[in-house]
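J.: Submitted below is the structure of interest, expressed as structure tokens.
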Amino acid sequence: GIQVEQSPPDLILQEGANSTLRCNFSDSVNNLQWFHQNPWGQLINLFYIPSGTKQNGRLSATTVATERYSLLYISSSQTTDSGVYFCAGNNNAGNMLTFGGGTRLMVKP
Amino acid sequence: DTGVSQDPRHKITKRGQNVTFRCDPISEHNRLYWYRQTLGQGPEFLTYFQNEAQLEKSRLLSDRFSAERPKGSFSTLEIQRTEQGDSAMYLCASSLGSAQAFFGQGTRLTVV
Numbered sequence: 069g070i071q072v073e074q075s076p077p078d079l080i081l082q083e084g085a086n087s088t089l090r091c092n093f094s095d096s097v098n099n100l101q102w103f104h105q106n107p108w109g110q111l112i113n114l115f116y117i118p119s120g121t122k123q124n125g126r127l128s129a130t131t132v133a134t135e136r137y138s139l140l141y142i143s144s145s146q147t148t149d150s151g152v153y154f155c156a157g158n159n160n161a162g163n164m165l166t167f168g169g170g171t172r173l174m175v176k177p
Numbered sequence: 037d038t039g040v041s042q043d044p045r046h047k048i049t050k051r052g053q054n055v056t057f058r059c060d061p062i063s064e065h066n067r068l069y070w071y072r073q074t075l076g077q078g079p080e081f082l083t084y085f086q087n088e089a090q091l092e093k094s095r096l097l098s099d100r101f102s103a104e105r106p107k108g109s110f111s112t113l114e115i116q117r118t119e120q121g122d123s124a125m126y127l128c129a130s131s132l133g134s135a136q137a138f139f140g141q142g143t144r145l146t147v148v
């Protein structure tokens with residue numbers, strides 16, 4: 069299976085600031101997803117983005133499949149953005165998603 | 037609500053007891069996955085089904101763990117003779133083929 073690395077592991081922001089989270093993967097992927105894990109543990113789907121760029125409100129994501137990385141942008145951060153952000157991908161070698169270690173984001177008021 | 041549903045949400049059990057968790061996937065999804073997440077880590081794959089067939093199992097799935105998906109609908113994950121190291125969040129997800137996966141709210145297991 070693939071290896072997935074996320075950076076930074078921890079991030080503290082002041083409300084209103086912008087941030088970029090990165091996800092590197094060891095091999096090409098045909099499925100790449102970003103999730104936000106809420107305080108109760110549920111993984112909330114943010115983006116399904118094997119390639120290209122997508123935007124949803126203050127969030128956007130870009131995956132450069134040829135260079136094996138994906139970026140999640142958070143603009144004008146709010147305290148409710150706090151939590152853990154995971155990226156996960158799979159390739160033809162396995163049908164399961166492999167997760168990175170996550171980025172723990174804290175947005176201070 | 038047509039999302040992935042898991043039951044129970046929380047389970048506290050004594051070491052050595054057996055526990056069983058249930059997952060109801062999104063109705064039209066043919067794939068169902070089980071993951072385990074320990075504190076501070078990302079979810080780790082345990083096993084997955086396509087319809088009723090269990091197609092892949094992780095090395096994490098010891099012989100005390102068994103999963104079923106009768107008739108290709110809901111799935112159960114049973115842990116026999118629980119150990120303290122089994123304490124974790126157990127997550128279920130479903131997808132239509134290899135498309136986007138959606139997760140349930142998880143079952144948090146505490147073994148005392």
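From first to last, the protein sequence lines are chains F and W.
Add 68 to the 1-based position in the first sequence for the numbering used here, that's all there is to it.
Add 36 to the 1-based position in the second sequence for the numbering used here, that's all there is to it.
Here a beta-carbon is modelled for each residue, glycine too, at the ideal position from N, C-alpha and C.
Keep in mind it's a predicted model, so treat the numbers as computed, not measured.
1. In the DSSP assignment, what residue or residues form a beta bridge with residue 47/W?
2. Apart from the five residues just before and just after residue 141/W, which ones in its own chain have a Cβ nearer than 7 Å to its Cβ?
3. For chain F, is any of its Cβ atoms less than 8 Å away from the one on residue 105/W?
4. For a contact defined as C-beta to C-beta under 8 Å, what are the partners of residue 149/W on chain F?
5. If we call anything under 8 Å between Cβ atoms a contact, is residue 145/W one with residue 124/W?
6. Using the beta-carbon of each residue, which ones in chain W are nearer than 8 Å to residue 110/F?
7. Taking only beta-carbon positions, decide if residue 126/W is within less than 8 Å of chain F.
8. Please return the same chain residues whose Cβ sits closer than 8 Å to the Cβ of residue 124/F, not counting the five positions on each side in sequence.
9. From residue 71/F to residue 138/F, what distance separates their C-alpha atoms?
10. In whole angstroms, give me the CA-to-CA distance for residue 115/W and residue 147/W.
11. Between residue 165/F and residue 110/F, which are expected to be in contact by the criterion C-beta below 8 Å, what is the C-beta distance as a whole number of angstroms?
12. Across the segment 136-156 of chain F and the segment 54-73 of chain W, are there enough close Cβ pairs to call them in contact, namely three or more that are closer than 8 Å?
13. Tell me the rounded alpha-carbon separation between residue 89/F and residue 141/F.
T.: Based on what the coordinates show:
1. 145/W
2. 42 and 45
3. no
4. Absent from the structure is residue 149/W, since the part of chain W shown begins at 37 and ends at 148.
5. yes
6. 139, 140, 141 and 142
7. no
8. 114 and 115
9. 14 Å
10. 11 Å
11. Not a contact, Cβ separation roughly 15 Å.
12. no
13. 6 Å
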